[in-house]
Amino acid sequence: ILGYYIDIFNTELRSQLDILTAHRLERAKETITKLSQLGYFITYQRVLELAGKATSIGRPHIAKALVEKGYFSTISEVFMTLLGKNGPAYVPHYKLSPKQIIELIKKAGGVPVLAHPGLVGNDDLVLDIIRSGILGLEVYHPKHDGAQIQKYLMIADTHQLVVTGGSDFHGIPARFPHKLGIFTIPADLICQLQKRSKYEVG
Numbered sequence: 061i062l063g064y065y066i067d068i069f070n071t072e073l074r075s076q077l078d079i080l081t082a083h084r085l086e087r088a089k090e091t092i093t094k095l096s097q098l099g100y101f102i103t104y105q106r107v108l109e110l111a112g113k114a115t116s117i118g119r120p121h122i123a124k125a126l127v128e129k130g131y132f133s134t135i136s137e138v139f140m141t142l143l144g145k146n147g148p149a150y151v152p153h154y155k156l157s158p159k160q161i162i163e164l165i166k167k168a169g170g171v172p173v174l175a176h177p178g179l180v181g182n183d184d185l186v187l188d189i190i191r192s193g194i195l196g197l198e199v200y201h202p203k204h205d206g207a208q209i210q211k212y213l214m215i216a217d218t219h220q221l222v223v224t225g226g227s228d229f230h231g232i233p234a235r236f237p238h239k240l241g242i243f244t245i246p247a248d249l250i251c252q253l254q255k256r257s258k259y260e261v262g
């Protein structure tokens with residue numbers, strides 16, 4: 061779930077992000093321990109160095125360290141072999157419910173948008189999330205084909221949701237190495253997104 065036009069200084073949001081960040085650091089350590097048990101040796105310190113200024117340490121940073129050590133050729137290969145949800149080094153992550161996330165974003169003045177609904181793999185779940193108060197759908201996405209785009213445009217229209225799009229860029233080449241700017245949306249959709257938030261233009 062994406063949060064657009066949030067107040068980044070919102071107290072409740074920052075508190076929850078601190079909790080999530082701490083859990084992500086612990087998850088990274090657990091993943092590195094699992095990797096060593098499987099014969100892949102990288103250090104937590106090196107993962108932090110590769111993450112740079114990022115405060116959210118994740119699997120892509122760990123995958124990058126594995127590629128650097130020569131264990132794999134690409135980050136995608138690491139995910140397919142080790143770090144995917146069914147992989148031997150996967151560690152479940154701490155997470156909030158969709159409803160909790162939606163409410164948190166709204167309290168911070170933002171617009172909660174469901175990312176790539178076509179990748180959810182369950183339209184009943186998508187509808188449940190809509191009923192939980194989501195305000196938008198990321199209709200335009202590299203993994204959505206023409207039929208999916210039309211389907212989610214109709215769902216967005218039916219439920220009066222804003223339509224967004226994105227390349228799914230996560231800051232470093234990851235499982236989906238789509239760069240910024242691959243997918244664009246008309247300016248009027250941005251205006252609709254702004255109108256649904258507490259954001260003031262100008």
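The numbering used here puts the first residue of the sequence shown at 61, with every later residue one more than the last.
Don't be surprised by glycine CBs; every beta carbon is placed ideally from N, CA and C.
Checklist entry - If you draw a straight line from the alpha carbon of GLY63 to that of LEU195, how long is it in whole angstroms? => result For the purposes of this step, residue 63 is taken as residue 3 along the sequence shown, with counting starting at 1. For the purposes of this step, residue 195 is taken as residue 135 along the sequence shown, with counting starting at 1. Answer to the nearest angstrom: the Cα atoms are 10 Å apart.
Item to check | Neighbourhood of SER116 by C-beta, 7 Å cutoff - its chain only, sequence neighbours within 5 removed | outcome: Against the sequence shown, residue 116 aligns to sequence position 56. Setting aside the 5 residues that flank it on each side, SER116 is surrounded in the same chain by THR81, ARG84, each with a C-beta closer than 7 Å to its C-beta; the list follows chain order.
Item to check | Residue(s) in a DSSP beta bridge with VAL222 | outcome: The sequence position of residue 222 within the sequence shown is 162, counting from 1. GLY196, per the DSSP bridge assignment.
Checklist entry - Just reading off the alpha helix (DSSP H) that TYR100 is part of, what are its end residues? => result By one-based count along the sequence shown, residue 100 stands at place 40. TYR100: not part of any alpha helix (DSSP H); DSSP gives it neither H nor E.
Checklist entry - Which partner residues of GLY63 appear in the DSSP bridge assignment? => result For the purposes of this step, residue 63 is identified with residue 3 of the sequence shown, where counting begins at 1. Its beta-bridge partners are PRO172.
Item to check | ILE165 versus PHE229 - alpha carbon distance | outcome: Along the sequence shown, read from residue 1 onward, the residue named residue 165 stands at position 105. Along the sequence shown, read from residue 1 onward, the residue named residue 229 stands at position 169. Whole-angstrom Cα-Cα distance: 21 Å.
Checklist entry - Using CA coordinates, which residue listed in LEU126, GLY226, LYS258 is at the minimum distance from ILE245? => result For the purposes of this step, residue 245 is taken as the residue at position 185 of the sequence shown. When only C-alpha atoms are compared, the closest one is GLY226.
Checklist entry - Quick one, are the C-beta atoms of GLY170 and ILE242 less than 8 Å apart? => result Along the sequence shown, read from residue 1 onward, the residue named residue 170 stands at position 110. Along the sequence shown, read from residue 1 onward, the residue named residue 242 stands at position 182. Result no, Cβ atoms of GLY170 and ILE242 do not sit closer than 8 Å.
Checklist entry - For TYR104, which of helix, strand or coil comes out of DSSP? => result Position 44 of the sequence shown, counting from 1, holds the residue named residue 104. Reduced to three states, the DSSP call for TYR104 is helix.
Checklist entry - Rounded to a whole number of angstroms, what is the C-alpha to C-alpha distance between ILE102 and ALA88? => result In the sequence shown, the residue the question calls residue 102 occupies position 42. In the sequence shown, the residue the question calls residue 88 occupies position 28. Distance between the alpha carbons of ILE102 and ALA88: 11 Å.
Checklist entry - Helix, strand or coil: which one does DSSP assign to VAL186? => result As a first step, residue 186 must be located in the sequence shown, where it is residue number 126. Reduced to three states, the DSSP call for VAL186 is helix.
Checklist entry - Can you tell which of LEU197, PRO202, HIS201, LYS203 has its C-alpha closest to the C-alpha of MET214? => result As a first step, residue 214 is located in the sequence shown; it is residue number 154 there, counting from the start. Closest option to MET214, Cα to Cα, is LEU197.
Item to check | Sequence-distant residues of the same chain with beta carbon closer than 7 Å to LYS239, five excluded per side | outcome: The residue labelled residue 239 in the question sits at position 179 within the sequence shown. Excluding residues within five positions, the ones whose Cβ falls inside 7 Å are SER227, PHE229.
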